[in-house]
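Report on the structure given below.
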Amino acid sequence: MLKIQDLVVNYGGIEAVKGVSVDVPYGSIITLVGANGAGKSTTLRAIAGLVKAKSGSITLDDEELLGMSTTDIVAKGITMVPEGRRVFPDLTVLENLKIGAYLRKDDLKDDIEHVYDLFPRLKERSWQAAGTLSGGEQQMLAVGRALMSKPKIIMMDEPSLGLAPIIVQGIFDIIREIHRQGTTVLLIEQNANMALKAADYGYVMETGRISLQGSGEELLTNEHVKELYLGKKKA
Amino acid sequence: MSVVLPYLLSGISVGGQYALIAIGYTMVYGILRLINFAHGDVFMVAGVMMVYMCASMPWYIAMPLMIVFTVLIGFAIERVAYMPLRSAPRMSIMISAIGVSYLLQNLVAYITGGLSQQYPTIPFISDSINIGPANTKVVTVITPFLVIALVFALVMLINHTKIGMAMRAVAKDYDTAQLMGIRINSVISTTFVIGSFLAAIGSVLYFSNYTGVTYTSGAMPGLKAFVAAVFGGIGSIPGAVIGAFIIGISENIVKGFEAMLAVFGINSNIGIATFSDAVTFALLIIILVVKPTGLFGEKATDKV
Ligand SMILES: Nc1ncnc2c1ncn2[C@@H]1O[C@H](COP(=O)(O)OP(=O)(O)O)[C@@H](O)[C@H]1O
Ligand SMILES: [Mg+2]
């Protein structure tokens, strides 16, 4: 299990994350929802070792990850699909997939086929520069690239951001499929409705703190959540 | 033609030598967004090391050893002077680079007593050769071929190997590259190793054309190579190479301009040759005014 306890992260003088605790048991889809600026991305970036935490602890199977390099954290089996997809625009689709497996030394052929099975659109565009793909295709590539490292836990930062509803539906289908195939998912979303429907357990984040938590259904029916994140006024 | 040929030959040759230095500037810029002011001095140190090593061992042992030491120096400079400043403001690392440049110059000035050291004669490449009417050194002739072979190998490395793919990724996006498991620091070190290696080879070709090497010998070729890199679009390897050849050729044509005019019966003795460096910089100004990103600057594909 990935366990985050009392995580505090500062940017200069600003406290972006003020004591967050989140449990990510293997085999689950856990979601972290909240408004823009709540500190969701910062939490993920701290787990990935891209920002330094001020205090708290992040453990994977009781091993402390804080202070480890991103490379070592990736090697432990935690990968991240960053906010805004961040595919390498000049690399081809195939190269983007191969670079996702940078730490692996075994044969990649089956895994590339597996990604192409999940996203047939990518196969057609194998030799195209990733920068020429549409937003939805880039998101598929970013997810496929993350899968290439054969992660235990995949963290996704707002995969639905800026995509058309039909494509968002496809992305959520893929998230469920990845989960069904055995990968644990930690999902960040502003689209709380879809995220909570997919998740086993959810956390609501507000200005650097967890304000609410519960199972997906519990949060979906919570009045506060409805009002703030699902755009439904109290009756 | 017979008047132009020797100048053209030496222009191509000098251009190739600038190219080997320019690649170091452009690759480091592509990955670190740093103008490595110490690069020209690493090139000079390679020349001086060759002088000292050839005094105590045959050139064929001295040369590979000199190349290895130059690579180690390039690697060490990055680790000691640049890596600790990775997250510091751009200006700090720039100043650190200038500091390293002066450190190397002063160190060499101290060791050599500030005197020009005679560069060793390397058999074969220092020999004379006749190309049609032009008499030149073998090094002049082999330089362009060697440069093209090295550039080809480098382009293959960058486009078709795992480390090359990592270099292209790091040049674009540090954070995401790390999320792939790439160690940024080893990729940056690799870049300095390649740049120093090419500068070491360039130093052999360059200094074989001159009698001596001294602590300031890196300044002018370093500056020309930097100009070539900017000219070609800094960050772009093909740009740096093409820029270097253009600058090498044009400055030599300017040197031979009066001799060429004389063929047409025009005698001038205003000393156009002395303007050859000025022409280099005039070219740079023109290209930057017309195309601020340099010849290949905007094609982001060539950022490494
Ligand atoms: N690199 C940064 N430097 C300074 N402040 C930042 C940086 N990144 C994010 N912040 C601030 O930290 C807070 C949390 O941001 P973030 O984690 O990106 O929120 P979310 O992903 O929930 O939208 C915001 O107030 C944001 O302005
Ligand atoms: Mg965010």
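Those protein sequences? They're chains G and U, same order as listed.
The numbering of the first sequence is the numbering used here, which starts it at 5 and goes up by one.
The numbering of the second sequence is the numbering used here, which starts it at -8 and goes up by one.
Idealized CB from N, CA, C, for every residue including glycine.
On a predicted model such as this, the values are computed, not experimentally measured, just so you know.
Shortest Cα-Cα distance from Val12/G to any of Leu165/G, Met5/G, Ala20/G involves Ala20/G. Contacts with chain G (Cβ-Cβ distance below 9 angstroms) from the region 167 to 183 of chain U involve Thr167, Ala168, Gln169, Leu170, Met171, Gly172, Ile173, Arg174, Ile175, listed in chain order. Per the coordinates, the alpha-carbon of Arg49/G lies some 54 angstroms from the alpha-carbon of Met48/U.
In the three-state scheme derived from DSSP, where H, G and I count as helix and E and B as strand, Asn243/U is classed as helix. CA-to-CA, the gap between Val26/G and Asp66/G works out to about 14 angstroms. Taken in chain order, the complete beta strand (DSSP E) segments of 3 or more residues contained in the region 14 to 89 of chain U number zero; there are none. Comparing alpha-carbon positions, the option among Gly88/G, Phe123/G, Ser138/G lying closest to Leu165/G turns out to be Gly88/G.
In terms of side-chain proximity, the C-beta atom of Ser45/G is found nearer than 7 angstroms to a non-hydrogen atom of ligand 2.
Taking non-hydrogen atoms of ligand 2 into account, the C-beta of Asp161/G is found less than 7 angstroms away from one of them. For secondary structure counted as the alpha helix (DSSP H) over 4 or more consecutive residues, the region 193 to 264 of chain U holds these complete runs in sequence order: 210 to 223, 228 to 246, 248 to 254. As for any beta strand (DSSP E) of minimum length 3 sitting wholly inside the region 163 to 237 of chain G, the runs are 188 to 193, 205 to 210, 213 to 219, ordered along the chain. For Val78/G, the chain U residues whose C-beta falls within less than 7 angstroms of its own C-beta are Leu170, Gly172, listed in chain order. In this chain, the beta strand (DSSP E) harbouring Ile158/G covers 157 to 161. What Gly104/G touches in chain U, judged by beta-carbon distance under 8 angstroms, is Met171, going in chain order. Annotation: the continuous beta strand (DSSP E) that includes Asp27/G extends over 18 to 28. For Ile154/U, the enclosing alpha helix (DSSP H) covers residues 153 to 163. With a threshold of 8 angstroms between beta carbons, Leu54/G makes contact with chain U. Per DSSP, the unbroken beta strand (DSSP E) holding Asn14/G starts and ends at 6 to 15.
Nearest neighbour of Lys282/U by Cα position, chosen from Ile139/U, Ser78/U, Phe222/U, Met41/U, turns out to be Phe222/U.
The three-state secondary structure of Ser59/G, taken from DSSP, is strand.
Across the region 78 to 95 of chain G, CB contacts with chain U closer than 9 angstroms involve Val78, Ala79, Thr83, Met84, Val85, Pro86, Arg90, Val91, Phe92, Pro93, Asp94, Leu95, in sequence order along the chain. The C-beta distance from Ile62/G to Leu70/G rounds to 5 angstroms, short enough to meet the 8 angstroms contact threshold.
Within the same chain, and ignoring the five residues on either side of Leu64/G in sequence, the residues whose Cβ sits closer than 7 angstroms to its Cβ are Leu6, Lys80, Ile82. Only residues of its own chain outside the window of five on either side were considered, and among them Gly223 have a CB closer than 6 angstroms to the CB of Ile233/U, listed in chain order.
In the structure shown, the three-state DSSP call for Lys127/G is helix. Chain order gives no chain U residues near Ser32/G, where near means a beta carbon separation below 8 angstroms; the closest approach is about 22 angstroms. Under the 10 Å beta carbon count, Asn195/G is surrounded by 16 or more other beta carbons and is classified as buried. Counting only the Cα atoms, Pro80/U lies some 35 angstroms from Gly105/U. Under the DSSP assignment, Leu112/G falls outside any beta strand (DSSP E); it carries neither an H nor an E label. Per DSSP, Val37/G is one residue of the beta strand (DSSP E) stretching across 33 to 38. Glu99/G has a beta carbon lying within less than 8 angstroms of a beta carbon in chain U. Closer than 8 angstroms to the CB of Ala72/U there is not a single CB belonging to chain G. CA-CA distance, Ile225/U to Val178/U, rounds to 19 angstroms.
DSSP places Ile139/U within a helical segment (H, G or I) once states are collapsed to three. For Ala146/G, the enclosing alpha helix (DSSP H) starts and ends at 139 to 151. In terms of Cβ geometry, Ile77/G and Ala52/G form a close pair [threshold 8 angstroms].
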